[in-house]
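Notes to accompany the following structure.
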Amino acid sequence: MAYWQPYTTLRPYNTFGIDVQAQALAQVTAVEQIPRLVATAAGPLRVLGGGSNILLCTDIDAWVLHNRIPGITAEPLPNGNTLVAAGGGVVWHELVQWTLGAGLAGLENLSLIPGTVGAAPIQNIGAYGVELQDVFSHLEAIDLASGKMHVFRREDCAFGYRDSIFKREFRDRLLITRVYFQLHSSLFEVNTAYGAIAQQLNDWGITHPQARDVSRAVVYIRSTKLPDPAKVGNAGSFFKNPTIPNEQWLALRERFPQLPAYPTDSPERVKVPAGWLIEQAGWKGIRRGNAGVYPLQALVLVNYGGATGDEIWHLAQEVMASVNQAFGITLEPEVNIWGGKGKKI
Ligand code: EPU
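The following block contains the structure:
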């Protein structure tokens, strides 16, 4: 039976390891528990997954539903693919490993991304040339206000770069109970277009990679570049890679010939790596008290231990102001800010 625990610390439930309290917390392990929890909450509701994409700045004046709905199933589809369903509380990397063990391809490039299945569609997680939307079929979610179940097909989700309808119109209104993926049944249908993956497979002498080889390469690359949240508090990329007009990029390239650029959906704009901008502005490895810019990947802010959310947010603002001054580019946080001065509504 799920029940509310009053004044609970959220420290074990966020990968930055920030110690703030919620009004109350409940562990949700089944959809049937939700109506009673919603009816007995005495304040605004929030949903928490793996806590790997949030920065908690102050105590949270909300009743927090911790989504731990389990379960993974698979069924064959008439087109030869396989439909995999996973509970919103399943740990993302455990799903990736389960699918590889079941001989299915499609999620391998998304190996080792921290967080849960239910949180993955919210920011349309992506890495190494693949985004969640490429393998997404549909999802089920419960509307916390009405208690009604909704189904969202891919075309309903307005997926974009680290963006979806769940960050906008439906922000804080839904608990995602189950997500469905359409995966390939051939382990050889892999995407190795991303330079670092191709390079790693080549270094290992793998010429015909299977999905599990790609997963191994991704795990290796991520482990060398990104801090393990179990050791150093962090939320992955703190900022989004910004997109800028082509003319601005051409003008900047006059001054910074090394500035990389990647295509976007629009022919008029390019995406530039925030990590590069932050590094050039001199922030890589800089530490302010217990908060810092990770020395191996400037896009990641870290909690060296005991940092407050506001301390990290203050560092983020310093980085943003400095990048703006150096390049005229405004960085946008990729993580969700809860409470404090960084409050995003
Ligand atoms: N770069 C630097 N300095 C740095 C970091 C990056 O110069 O400190 C340059 C690299 O040399 C490269 C470019 O920036 O030219 C891109 O770097 P990388 O391939 O490491 O990827 P990224 O753009 O920094 C994005 C995602 C990551 C994802 C990787 C791989 C965002 C906000 N981040 O990072 O996602 O793992 O691509 O696909 O899009 C996350 O969202 O939490 C995350 C880790």
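With this note's numbering as the guide, the letters of the sequence shown map in order to residues 25 to 369.
By construction, the Cβ of each residue, glycine as well, lies at the ideal position given by its N, Cα and C atoms.
Small disclaimer: the values here were computed from a predicted structure and weren't measured.
- S247: member of the alpha helix (DSSP H) spanning A235 to K249, first to last residue.
- Nearest C-alpha to G352 among A322, E271 and V243: E271.
- In the structure shown, A340 falls within a helical segment according to DSSP collapsed to helix, strand and coil.
- The C-alpha of N105 lies about 5 angstroms from the C-alpha of H208.
- Counting along the chain, the unbroken alpha helix (DSSP H) around I58 starts and ends at I58 to T64.
- DSSP places H162 inside the beta strand (DSSP E), whose first and last residues are F160 to D167.
- Less than 8 angstroms divides the Cβ of P251 from the Cβ of V324.
- Per DSSP, the beta bridge partners of N91 are V52.
- Boundaries of the alpha helix (DSSP H) around T123: W116 to G125.
- Contact check for L61 and A26: beta-carbon distance about 6 angstroms, within the 8 angstroms limit, so the pair qualifies.
- Distance from E356 to F205 at the Cβ level is roughly 28 angstroms; contact not present, criterion being Cβ atoms closer than 8 angstroms.
- Counting the other CB atoms within 10 Å of its CB gives H90 a total of 16 or more, which places it among the buried residues.
- Beta-bridge partners assigned by DSSP to H174: A165.
- Residue environment for H117: buried (at least 16 other C-beta atoms within 10 angstroms of its C-beta).
- Under the three-state reduction of DSSP output, R202 falls in the strand class.
- Per DSSP, R277 is one residue of the alpha helix (DSSP H) stretching across N270 to R279.
- DSSP lists I361 as the bridge partner or partners of L79.
- Of the candidates Q47, H232 and W362, the residue whose Cα lies closest to the Cα of A86 is Q47.
- With a cutoff of 8 angstroms on beta-carbon distance, F183 and H162 are scored as not near each other.
- Per the Cβ contact rule, the stretch 320-340 is not in contact with the stretch 227-241 (fewer than 3 Cβ pairs under 8 angstroms).
- Take R35, set aside five residues on each side of it, and the residues of its chain with a beta-carbon closer than 8 angstroms to its own are G41, I42, D43 and V44, in chain order.
- Between L168 and I149, the C-beta spacing is not below 8 angstroms.
- Comparing alpha carbon positions, the residue from R293, P297 and Q341 closest to P284 is P297.
- Taking 7 angstroms as the cut-off, the C-beta of Q157 does not count as close to any heavy atom of the ligand EPU.
- The beta carbon of Q321 sits closer than 7 angstroms to at least one heavy atom of the ligand EPU.
- Of the heavy atoms belonging to the ligand EPU, at least one sits nearer than 7 angstroms to the Cβ of A151.
- At least one heavy atom of the ligand EPU is found less than 7 angstroms from the C-beta of R186.
- Residue side-chain check: N265 places its Cβ nearer than 7 angstroms to a non-hydrogen atom of the ligand EPU.
- Beta-bridge partners of V317 (DSSP): L325.
- Nearest to P269 by C-alpha distance, out of P291, R279 and F280, is P291.
- Taking the C-beta atoms as reference points, V294 is found no nearer than 8 angstroms to K308.
- The C-alpha of E132 is placed about 28 angstroms away from the C-alpha of R192.
- Distance from P145 to L156 at the Cβ level is roughly 6 angstroms; contact confirmed, criterion being Cβ atoms closer than 8 angstroms.
- Distance between D180 and D289, taken at the CA atoms: about 19 angstroms.
- The continuous alpha helix (DSSP H) containing N226 extends over residues G219 to D227.
- The three-state reading of DSSP puts S261 in strand, counting E and B together.
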